[in-house]
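Engineer: So the sequence lines, in the order shown, correspond to chains A and B. Sequential numbering of the first sequence, starting at 5, is according to the numbering used here. Sequential numbering of the second sequence, starting at 5, is according to the numbering used here. Quick one: structure below, then a few questions.
There are 2 protein chains.
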Amino acid sequence: MADWKNLDTLDSFAELSAKKKVILKDVMSGDGGASRVKSYTVPMASGLSYNYAAKAVDDEIIEALAKLAKEAQLTEKFAELYNGEVINTGEKRLVLHHLTRSQLGNDVVKDGVNKREFYVEQQKKIESFANDVHAGKIVNGAGEKFTTVVQIGIGGSDLGPRAIYIALENWARQTGNFNMEARFISNVDPDDAAGVLQGIDVAHSLFVLVSKSGTTLETLTNESFVKDALKKAGLDASKHMVAVTSETSPLAGNSDYLAAFFMDDFIGGRFSSTSAVGGAVLSLAFTPEVFARFLNGAAAEDKLAANEDVKENPAMLDALIGVYERNVLGFPSTALLPYSQALSRFPAHLQQADMESNGKSVNRFGEFVSYPTGPVLFGEPGTNGQHSFYQLLHQGTDIIPLQFIGFKESQLGVDVDIQGSTSQQKLCANVVAQIIAFASGKDDENNNKKFSGNRPSSIIVGKRLTPEAMGALLSHFENKIMFQGFLWNVNSFDQEGVQLGKVLAKKVLAHETEGALKELSDLFEI
Amino acid sequence: MADWKNLDTLDSFAELSAKKKVILKDVMSGDGGASRVKSYTVPMASGLSYNYAAKAVDDEIIEALAKLAKEAQLTEKFAELYNGEVINTGEKRLVLHHLTRSQLGNDVVKDGVNKREFYVEQQKKIESFANDVHAGKIVNGAGEKFTTVVQIGIGGSDLGPRAIYIALENWARQTGNFNMEARFISNVDPDDAAGVLQGIDVAHSLFVLVSKSGTTLETLTNESFVKDALKKAGLDASKHMVAVTSETSPLAGNSDYLAAFFMDDFIGGRFSSTSAVGGAVLSLAFTPEVFARFLNGAAAEDKLAANEDVKENPAMLDALIGVYERNVLGFPSTALLPYSQALSRFPAHLQQADMESNGKSVNRFGEFVSYPTGPVLFGEPGTNGQHSFYQLLHQGTDIIPLQFIGFKESQLGVDVDIQGSTSQQKLCANVVAQIIAFASGKDDENNNKKFSGNRPSSIIVGKRLTPEAMGALLSHFENKIMFQGFLWNVNSFDQEGVQLGKVLAKKVLAHETEGALKELSDLFEI
Numbered sequence: 005m006a007d008w009k010n011l012d013t014l015d016s017f018a019e020l021s022a023k024k025k026v027i028l029k030d031v032m033s034g035d036g037g038a039s040r041v042k043s044y045t046v047p048m049a050s051g052l053s054y055n056y057a058a059k060a061v062d063d064e065i066i067e068a069l070a071k072l073a074k075e076a077q078l079t080e081k082f083a084e085l086y087n088g089e090v091i092n093t094g095e096k097r098l099v100l101h102h103l104t105r106s107q108l109g110n111d112v113v114k115d116g117v118n119k120r121e122f123y124v125e126q127q128k129k130i131e132s133f134a135n136d137v138h139a140g141k142i143v144n145g146a147g148e149k150f151t152t153v154v155q156i157g158i159g160g161s162d163l164g165p166r167a168i169y170i171a172l173e174n175w176a177r178q179t180g181n182f183n184m185e186a187r188f189i190s191n192v193d194p195d196d197a198a199g200v201l202q203g204i205d206v207a208h209s210l211f212v213l214v215s216k217s218g219t220t221l222e223t224l225t226n227e228s229f230v231k232d233a234l235k236k237a238g239l240d241a242s243k244h245m246v247a248v249t250s251e252t253s254p255l256a257g258n259s260d261y262l263a264a265f266f267m268d269d270f271i272g273g274r275f276s277s278t279s280a281v282g283g284a285v286l287s288l289a290f291t292p293e294v295f296a297r298f299l300n301g302a303a304a305e306d307k308l309a310a311n312e313d314v315k316e317n318p319a320m321l322d323a324l325i326g327v328y329e330r331n332v333l334g335f336p337s338t339a340l341l342p343y344s345q346a347l348s349r350f351p352a353h354l355q356q357a358d359m360e361s362n363g364k365s366v367n368r369f370g371e372f373v374s375y376p377t378g379p380v381l382f383g384e385p386g387t388n389g390q391h392s393f394y395q396l397l398h399q400g401t402d403i404i405p406l407q408f409i410g411f412k413e414s415q416l417g418v419d420v421d422i423q424g425s426t427s428q429q430k431l432c433a434n435v436v437a438q439i440i441a442f443a444s445g446k447d448d449e450n451n452n453k454k455f456s457g458n459r460p461s462s463i464i465v466g467k468r469l470t471p472e473a474m475g476a477l478l479s480h481f482e483n484k485i486m487f488q489g490f491l492w493n494v495n496s497f498d499q500e501g502v503q504l505g506k507v508l509a510k511k512v513l514a515h516e517t518e519g520a521l522k523e524l525s526d527l528f529e530i
Numbered sequence: 005m006a007d008w009k010n011l012d013t014l015d016s017f018a019e020l021s022a023k024k025k026v027i028l029k030d031v032m033s034g035d036g037g038a039s040r041v042k043s044y045t046v047p048m049a050s051g052l053s054y055n056y057a058a059k060a061v062d063d064e065i066i067e068a069l070a071k072l073a074k075e076a077q078l079t080e081k082f083a084e085l086y087n088g089e090v091i092n093t094g095e096k097r098l099v100l101h102h103l104t105r106s107q108l109g110n111d112v113v114k115d116g117v118n119k120r121e122f123y124v125e126q127q128k129k130i131e132s133f134a135n136d137v138h139a140g141k142i143v144n145g146a147g148e149k150f151t152t153v154v155q156i157g158i159g160g161s162d163l164g165p166r167a168i169y170i171a172l173e174n175w176a177r178q179t180g181n182f183n184m185e186a187r188f189i190s191n192v193d194p195d196d197a198a199g200v201l202q203g204i205d206v207a208h209s210l211f212v213l214v215s216k217s218g219t220t221l222e223t224l225t226n227e228s229f230v231k232d233a234l235k236k237a238g239l240d241a242s243k244h245m246v247a248v249t250s251e252t253s254p255l256a257g258n259s260d261y262l263a264a265f266f267m268d269d270f271i272g273g274r275f276s277s278t279s280a281v282g283g284a285v286l287s288l289a290f291t292p293e294v295f296a297r298f299l300n301g302a303a304a305e306d307k308l309a310a311n312e313d314v315k316e317n318p319a320m321l322d323a324l325i326g327v328y329e330r331n332v333l334g335f336p337s338t339a340l341l342p343y344s345q346a347l348s349r350f351p352a353h354l355q356q357a358d359m360e361s362n363g364k365s366v367n368r369f370g371e372f373v374s375y376p377t378g379p380v381l382f383g384e385p386g387t388n389g390q391h392s393f394y395q396l397l398h399q400g401t402d403i404i405p406l407q408f409i410g411f412k413e414s415q416l417g418v419d420v421d422i423q424g425s426t427s428q429q430k431l432c433a434n435v436v437a438q439i440i441a442f443a444s445g446k447d448d449e450n451n452n453k454k455f456s457g458n459r460p461s462s463i464i465v466g467k468r469l470t471p472e473a474m475g476a477l478l479s480h481f482e483n484k485i486m487f488q489g490f491l492w493n494v495n496s497f498d499q500e501g502v503q504l505g506k507v508l509a510k511k512v513l514a515h516e517t518e519g520a521l522k523e524l525s526d527l528f529e530i
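Put into structure tokens, the structure is as follows:
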């Protein structure tokens, strides 16, 4: 059994903290800089690679990070996780999202069920359902084909599937893998559902209701909203609704739904994109094959995360460098900057995955830790961000570590040549230019035009954003978050911090308020 | 003339820093908390109000902030700005975006032109053009009406207009103010333009090219991309393109465009939503009247920003509290959390407006400052965020000040009653519950379920998100940013930090690279 210890009790962390700091500006200059770019790189799956040349590390620090990985038993802990130990100690649950796409270790059998087989079975059920919808075997009340799929879910049931849909939508349209337009309803704000319903043809829409417990307030409210609209249009709601839920939820085995696909308590919402939560909507919008390719990319990347050697384990190395930046260098936030418009909502998904997992002050034993844990994560696609918040990243008073993503080729292959280069070349030229601008800076006698440099970044370089590459990217960040949770010794798989707001909101709706809460409720005339 | 001094040289700042800190948990409890909610509020325009009851301030600190406002001469500086002084000292320019919607002071005449008249003239030209398009007087080559308007622009030419379009789209559809679907092309990533073009009917699309200088690389590249697509469809591009630019740009007086609408050097990109940059696309998508109503909201809010009394000047008070949080309490980031799905991209716009304006290390005289300036700003709409990053906001190791926005009524008025309350009531109940959860926390014998509280927030409360309310919101935050720039003594109106990346990207495209930059370029096979 692995030994769970606080980061600041590890000898290797003290050693790491004492290491001489790297002046990025210096190490990135001249031949040294060139050789860093060549050697500070780790291969990933699906033709991606993780390059950390522009991070404030050197061979000595990498060695210290490797020691830290070893002392913190990162690979052992990951092995315990994928072999079915109760890693989510707060909720006393296994953590099995990796099993939705691969099996890295032993069979995981829980309550007599082989969990890998269970997840594969759900995927097969979705495949068959989606194929029937696409073939016109499952149709609406008038016997017509469905053209639109609407996911109703919030948080993990929304952000991941939505980000991946946006990432692959244009690619799927172009490659003949597109079957149904997808839309998403998430917010309890009635304008969200009303706005989506205003823009679709409900008679030809299939609604996928996603709630593990079957009790999520926002989702059930939006379901009623949609059922109301279906009824007003003279339609039979049960012919338009599908559920993704757990087998024990009120939504399972319920004749209100055309079909139900299952997940379970061992798939956290923010890690559920590769389960039926992502599977239903993505298989319907695209094809089951596209979803399978996406899972294959994630599976291949998971495999690398099991490697002991940090130089063969990009997620672990990325995690370690992030902890070094947070706990030794003291940077409180990080930006995720994909140079790909298709990844426009991937930062919003990782914002949840990261901040909800590691935004904790208490360790796995319920003791307060005395070091910072999860940072603020934000981001927008480049080059857009360059014309937005990059001013602060370059010349602001704080240093914000950056995580770039870029692809050699565009997704759609449609391009124009202007001033001797294609748009894709301009896009790539911009991301590499930014890396050097941030790292090396530029002197100027006018302080206003001076760039101090020493602003660290990493980059994941890919060939093209395919379903496999998307799967690998998702797995990389999921596993990075997991390793950072291990290092901070927090439980990355619960979210107790969301409870108090729910309890107080119920009180407000029941008019059981006093003091400031009552006055605030009055402001809104609730 | 106002006296421009660094924040840390002001006596009132030293006084403020020495004030006893407020324990939010304590002051928000009981009758004291209730009376704070009632009294710590400032009326805004268009039926909005700014409530700061849950900020870590009290009467003494507010008094100290008022002194700071006075010593920093905030209203005098604003008056200099709207009366046409060269406030953008780096670029030696006036700062006139307020004049696009109101005139707060003297006539501003520059190079013989009355600038208020100039901006109004542009608005009238747009009004007449949009009316002609809507009436079918300006049509495509086949004599058919345009159905779609596509804005081609990046940064300030994209984020603000896009956020406002999204904010008012459903409202406009419902109220009969909707004329044309709007789309946006911004990124130099060719997949952005290709994706948008894949989804529209180019033959019935009008493209609005927005570039003040007429030289923005991304925008010109995307223009070529679009012209290529028009040509391939056998269409005459000059019958589909409109320019928004400065009178001296190559795009002005050019027969390649159906019409040109002008802005000038005194309208910064990130403050240009109320100029022709927002005016053209919003007047075409909705109606010129909707755009005028939006400007009226901004004008009314601007007027409040000229008030000397901080308790009658919500933008100034908000700015002062933000500086107190950044420079006295030491919080490095802030989250903007609108409880309105329609405002889903407003945080992205303010991320630019705020971080590009005040992410500076150098004061107005080119000297490095020794205090933190602009914070990281991020955000997503609630309740979605509650199911995403709120875990970290509640229980993370860092405190992140929050800025909520909420409305009593939904925009569309379509709602359902579930479990005794409407969706809108649930939405409002959630935002007030969050304010108290963050401020007051909750004790628990299980540390994992403990909420430390003392996490400050403010809220802007409105009746309904109308064009006027949207204008008031935009003005509030623009003026807040301006006042914070005055306090930090930085030039909020230039953006030298974006230059270095551009220079290096050009080098990469010209293959004039060496060292790390060359190796990185090789990674992308540029």
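We treat Cβ as the ideally placed atom computed from N, Cα and C, and that holds for glycine.
What residue range does the alpha helix (DSSP H) around residue 434 of chain B cover?
Structural biologist: 427-444
Engineer: Look at the alpha carbon of residue 395 of chain B and the alpha carbon of residue 157 of chain A, and state the distance between them as a whole number of angstroms.
Structural biologist: Straight-line Cα distance between these residues: approximately 18 Å.
Engineer: Is there a Cβ from chain A that is less than 9 Å from the Cβ of residue 373 of chain B?
Structural biologist: Residue 373 of chain B counts as touching chain A.
Engineer: Any beta carbon of chain A sitting closer than 9 Å to that of residue 32 of chain B?
Structural biologist: yes
Engineer: Tell me the residue span of the beta strand (DSSP E) that contains residue 187 of chain B.
Structural biologist: 185-189
Engineer: Give me the Cα-Cα distance between residue 255 of chain A and residue 218 of chain A, rounded to the nearest whole angstrom.
Structural biologist: 6 Å
Engineer: Mind reading off the beta-carbon distance from residue 415 of chain B to residue 174 of chain B? Whole number of angstroms is fine, and I expect it under 8 Å.
Structural biologist: So it is a contact: roughly 6 Å between Cβ atoms.
Engineer: Residue 455 of chain A versus chain B: which residues are under 8 Å apart at the beta carbon?
Structural biologist: For residue 455 of chain A, the neighbours in chain B by C-beta distance under 8 Å run, in chain order, 501, 504.
Engineer: When you compare the CB positions of residue 289 of chain B and residue 176 of chain B, do they come within less than 9 Å of one another, or not?
Structural biologist: yes
Engineer: According to DSSP, is residue 47 of chain A helix, strand or coil?
Structural biologist: strand
Engineer: Run through DSSP, which three-state label would residue 92 of chain B get?
Structural biologist: It is a strand residue.
Engineer: Does the distance between the C-beta of residue 269 of chain B and the nearest non-hydrogen atom of the ligand GTP fall short of 8 Å?
Structural biologist: No copy of the ligand GTP appears in this structure; indeed no ligand is present at all.
Engineer: Less than 6 Å between C-beta atoms, sequence neighbours within five positions excluded: which residues of the same chain meet that for residue 442 of chain B?
Structural biologist: 459, 461
Engineer: Can you give me the start and stop residues for the beta strand (DSSP E) that residue 424 of chain B sits inside?
Structural biologist: Note, residue 424 of chain B: premise wrong, no beta strand (DSSP E); not H, not E.
Engineer: Just confirm the distance between the C-beta atoms of residue 344 of chain A and residue 194 of chain B, as a whole number of angstroms; I'd bet it's less than 8 Å.
Structural biologist: No, residue 344 of chain A and residue 194 of chain B are not in contact; Cβ-Cβ is about 11 Å, not under 8 Å.
Engineer: Closer than 8 Å between beta carbons: that is the criterion. Which residues of the segment 8-38 of chain A meet it against chain B?
Structural biologist: 32, 33, 34, 35, 37, 38
Engineer: Can the beta-carbon of residue 24 of chain B be found closer than 9 Å to that of residue 64 of chain B?
Structural biologist: Taking 9 Å as the Cβ cut-off, residue 24 of chain B and residue 64 of chain B qualify as a contacting pair.
Engineer: Out of A:457, A:322, A:346, which has the shortest C-alpha to C-alpha gap to residue 484 of chain A?
Structural biologist: A:322
Engineer: Indicate whether residue 171 of chain B and residue 521 of chain B have their beta-carbon atoms separated by less than 9 Å.
Structural biologist: Not closer than 9 Å, so no.
Engineer: Assuming the contact rule is C-beta atoms closer than 8 Å, residue 135 of chain B and residue 109 of chain B should be a hit. Round their C-beta distance to whole Å, please.
Structural biologist: Between residue 109 of chain B and residue 135 of chain B the Cβ distance is about 32 Å, and since that is not below 8 Å, they are no contact.
Engineer: Determine the direct distance from the alpha carbon of residue 241 of chain A to that of residue 12 of chain A, and round the result to whole angstroms.
Structural biologist: 56 Å
Engineer: Would residue 161 of chain A and residue 248 of chain A be called neighbours here (beta carbons separated by less than 9 Å)?
Structural biologist: A contact, by the Cβ cut-off of 9 Å.
Engineer: Can you tell which of B:71, B:43, B:47, B:62 has the C-alpha that lies nearest to the C-alpha of residue 19 of chain B?
Structural biologist: Measuring C-alpha to C-alpha distances from residue 19 of chain B to each of B:71, B:43, B:47, B:62 identifies B:71 as the nearest.
Engineer: Rounded to whole angstroms, what is the Cα-Cα separation between residue 197 of chain B and residue 22 of chain B?
Structural biologist: 54 Å
Engineer: Go to residue 3 of chain B, then tell me how far its beta strand (DSSP E) extends in each direction, as first and last residue.
Structural biologist: With chain B covering 5 to 530 only, the question about residue 3 of chain B has no answer from this structure.
Engineer: Indicate the three-state DSSP secondary structure (helix, strand or coil) for residue 471 of chain B in the structure shown.
Structural biologist: Of the three classes helix, strand and coil, the one that applies to residue 471 of chain B here is helix, per DSSP.
Engineer: Of the residues B:126, B:164, B:382, B:291, which one's Cα is nearest the Cα of residue 264 of chain B?
Structural biologist: B:126
Engineer: Any beta carbon from chain A within less than 9 Å of residue 107 of chain B's own beta carbon?
Structural biologist: Not one chain A Cβ lies under 9 Å of residue 107 of chain B.
Engineer: Residues of chain B with CB closer than 7 Å to the CB of residue 482 of chain A, please, in chain order.
Structural biologist: Under the 7 Å cutoff, chain B gives no residues; its nearest Cβ is about 15 Å from residue 482 of chain A.
Engineer: Residues in the same chain with beta-carbon distance under 7 Å from residue 35 of chain A, minus the five sequence neighbours each way, listed in chain order, please.
Structural biologist: Closer than 7 Å at the Cβ level, and outside the excluded window around residue 35 of chain A, lies no residue.
Engineer: Return helix, strand or coil for residue 219 of chain B, following the three-state DSSP convention.
Structural biologist: coil
Engineer: Whole angstroms are fine: how far does the CA of residue 214 of chain A sit from the CA of residue 141 of chain A?
Structural biologist: 23 Å
Engineer: Hey, would you say residue 423 of chain B sits closer than 9 Å to residue 513 of chain A, going by beta carbons?
Structural biologist: yes
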